[in-house]
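Colleague: Structure in structure tokens, see below.
Protein chains: 2
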Amino acid sequence: MDAPTPRTQVRRLPERAVYGRETIDAVLDEALICHVGFVDNGSPVVIPTIHARVGDTLYFHGSPASRMLRSMKQGIEVSVAVTILDGLVVARTPFHQSLNYRSVIVFGRARLVDGDEEKMKALEAVTNHVTPGRWEDSRRVTSKEAKGTLVLALSLDEASAKIRSGPPGDDAEDLGLPHWAGVVPLALVPGEPIPDAGVDWPAPDYLTDYQRPI
Amino acid sequence: MDAPTPRTQVRRLPERAVYGRETIDAVLDEALICHVGFVDNGSPVVIPTIHARVGDTLYFHGSPASRMLRSMKQGIEVSVAVTILDGLVVARTPFHQSLNYRSVIVFGRARLVDGDEEKMKALEAVTNHVTPGRWEDSRRVTSKEAKGTLVLALSLDEASAKIRSGPPGDDAEDLGLPHWAGVVPLALVPGEPIPDAGVDWPAPDYLTDYQRPI
Chain A
4 MDAPTPRTQV RRLPERAVYG RETIDAVLDE ALICHVGFVD NGSPVVIPTI HARVGDTLYF
64 HGSPASRMLR SMKQGIEVSV AVTILDGLVV ARTPFHQSLN YRSVIVFGRA RLVDGDEEKM
124 KALEAVTNHV TPGRWEDSRR VTSKEAKGTL VLALSLDEAS AKIRSGPPGD DAEDLGLPHW
184 AGVVPLALVP GEPIPDAGVD WPAPDYLTDY QRPI
Chain B
4 MDAPTPRTQV RRLPERAVYG RETIDAVLDE ALICHVGFVD NGSPVVIPTI HARVGDTLYF
64 HGSPASRMLR SMKQGIEVSV AVTILDGLVV ARTPFHQSLN YRSVIVFGRA RLVDGDEEKM
124 KALEAVTNHV TPGRWEDSRR VTSKEAKGTL VLALSLDEAS AKIRSGPPGD DAEDLGLPHW
184 AGVVPLALVP GEPIPDAGVD WPAPDYLTDY QRPI
């Protein structure tokens, strides 16, 4: 999507907005989790869950929202936010303190995935989104297990990205102040794999060399 | 808060729920950002922003929600989610794939902070939440800057935490499968501070030794 809708149009600091799908996809693909917002009896609810993108569709685990999925024959209106932190922005005044980040917000009506084939494809995508190659290197999900897993699908038609990068944006008259200013980069870093009880062989390369983005 | 309300009662996998304030506070204090959900014209909206806890109150930047704050004389109903990722849970079947995490969800009616003194205290808290000691080591926020910053306050009366930790939860009959299983730890790790143009002296200790939790 290259043109914003009224809802995805970024109003605050619009110079940080990006509407190109390439940028949106990169953020969705790198982030491990999303935060799903929905309205339950008129009140907002936000819940973290795991997602994966397949083409123009965002799939995510619906189990955390199961309490209100009973009534969603017509789908459920959601807002999904995905945020990656890239650094602390240390400005000369707290007024310009910020974080460097890449975020995506998607609006739309999520539908419950009920076809066996699509659900299995979505589960494969979610698995390989978190740990690429893991679907092929694990015991296959049974049909019964798939039936017990709620998966939601959301179109990426209404999505926008917002990015802040680079140094602090201090006012010109503050540049001579004696306070250190700059950026402290942040990254989500994997540690050494910890084997489960009974696993006495090395972890596979896709875990020992794990990194985001993939 | 040690007893859940109907809303904060964790329904899915309730064995992962924690309602003690000590746990809730630790998660809120460690996480750099929160995701705020609210209802705008009947539709859910989720937006990431920076927060800080002061005693029993969660403060967060309201500017991202400014489009709908005009009408919130009575406060605005929100759901705030804070999530820290601790690891990939690599199970023998994708059905048990998971993430280790610590999350908090807070429900309530956020009020706009309008007293100058409380707002300045909140800005100090948010600044020192992200980078402890920075408030004292930076140019003070002016009264005009404070007026231009929207800060919301939310009581922690209705909050709950949910934690998953430890090894994968594979079924007993899968434990003999030849697939590696275990946990890959994840941590948000700071890099070397990058000075802004014109800053030719070393970064302060609170940035070179930066870590979460503080």
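From first to last, the protein sequence lines stand for chains A and B.
So my numbering is basically just the index in the first sequence, starting at one, shifted up by 3.
So my numbering is basically just the index in the second sequence, starting at one, shifted up by 3.
Here a beta-carbon is modelled for each residue, glycine too, at the ideal position from N, C-alpha and C.
Considering only residues of the same chain and omitting the five flanking positions on each side of B/W204, which have a CB-CB separation below 6 angstroms?
Modeller: Taking the second sequence and counting its residues from 1, the one referred to as residue 204 of chain B is at position 201. None.
Colleague: If you reduce the DSSP assignment to three classes, tell me which class B/W204 lands in.
Modeller: Residue mapping note: residue 204 of chain B aligns to position 201 of the second sequence, counting from 1. Looking at B/W204 - three-state DSSP - the assignment turns out to be coil, as it is neither helix nor strand.
Colleague: Checking 7 angstroms against the spacing of the C-beta atoms, do B/T130 and A/Q100 come in under that value?
Modeller: Here residue 130 of chain B refers to the residue found at position 127 when the second sequence is read from its first residue. Here residue 100 of chain A refers to the residue found at position 97 when the first sequence is read from its first residue. Yes, these two residues count as a Cβ contact at 7 angstroms.
Colleague: Assign B/T130 to one of three DSSP states: helix, strand, or coil.
Modeller: Position 127 of the second sequence, counted from the start, is the residue given in the question as residue 130 of chain B. Here B/T130 sits in helix by DSSP.
Colleague: Here's a check: name, in chain order, each residue in its chain whose Cβ is nearer than 8 angstroms to the Cβ of A/V21, leaving out the five neighbours to either side.
Modeller: For the purposes of this step, residue 21 of chain A is taken as the residue at position 18 of the first sequence. Hits under 8 angstroms: I27, S163, A164, K165, I166.
Colleague: Using a Cβ-Cβ cut-off of 6 angstroms (strictly less than) and excluding sequence neighbours within five positions of A/A206, which residues of its own chain qualify?
Modeller: The sequence position of residue 206 of chain A within the first sequence is 203, counting from 1. Taken in chain order, the residues that qualify are P196.
Colleague: Hey, could you find the ends of the alpha helix (DSSP H) B/R24 is sitting in?
Modeller: Looking up residue 24 of chain B in the second sequence gives position 21. Where B/R24 is concerned, the enclosing alpha helix (DSSP H) stretches over 24 to 33.
Colleague: Hey, how far is the Cα of B/V92 from the Cα of A/H182?
Modeller: For this step, residue 92 of chain B is matched to residue 89 along the second sequence. For this step, residue 182 of chain A is matched to residue 179 along the first sequence. Roughly 42 angstroms between the two C-alpha positions.
Colleague: Helix, strand or coil: how does DSSP classify A/H54 here?
Modeller: For the purposes of this step, residue 54 of chain A is taken as residue 51 along the first sequence, with counting starting at 1. A/H54 falls in the strand class under three-state DSSP.
Colleague: What does A/G201 touch in chain B if you count any residue whose Cβ is under 7 angstroms from its own?
Modeller: Walking along the first sequence from the start, residue 201 of chain A turns up at place 198. Those within 7 angstroms of A/G201 in chain B are L178.
Colleague: Closest by CA to B/G23, which one among B/D160, B/H64, B/V57?
Modeller: Indexing the second sequence from 1 puts residue 23 of chain B at position 20. Taking only the C-alpha atoms, the option nearest B/G23 is B/D160.
Colleague: Let me check understanding here. Comparing Cα to Cα, which of B/R143, B/T134, B/V30, B/S106 lies closest to A/L180?
Modeller: Taking the first sequence and counting its residues from 1, one reaches residue 180 of chain A at position 177. Minimum Cα distance to A/L180 is reached at B/R143.
Colleague: Would you say B/A206 reaches chain A, if we count a Cβ-Cβ gap shorter than 7 angstroms as a contact?
Modeller: Counted from its first residue, the second sequence places residue 206 of chain B at position 203. Closer than 7 angstroms to some Cβ of chain A, the Cβ of B/A206 qualifies, so yes.
Colleague: Can you tell me where the beta strand (DSSP E) holding B/E161 begins and where it ends?
Modeller: Counting from 1 along the second sequence, the entry for residue 161 of chain B is found at position 158. Start and end: 161 to 167.
Colleague: Secondary structure at B/A20, three-state DSSP: helix, strand or coil?
Modeller: Walking along the second sequence from the start, residue 20 of chain B turns up at place 17. Three-state DSSP puts B/A20 in a strand.
Colleague: For A/A128, which residues of its own chain have a beta-carbon under 7 angstroms away from its beta-carbon, when the five flanking residues on both sides are left out?
Modeller: Taking the first sequence and counting its residues from 1, one reaches residue 128 of chain A at position 125. Closer than 7 angstroms at the Cβ level, and outside the excluded window around A/A128, lie A55, V57, Y62.
Colleague: Is there a Cβ from chain A that is less than 7 angstroms from the Cβ of B/F98?
Modeller: In the second sequence, the residue the question calls residue 98 of chain B occupies position 95. Judged by the 7 angstroms Cβ criterion, B/F98 is in contact with chain A.
Colleague: Would you check if the distance between the CB atom of B/V116 and the CB atom of B/K122 is smaller than 7 angstroms?
Modeller: Taking the second sequence and counting its residues from 1, one reaches residue 116 of chain B at position 113. Taking the second sequence and counting its residues from 1, one reaches residue 122 of chain B at position 119. Yes, the pair counts as a contact, with Cβ atoms nearer than the cut-off.
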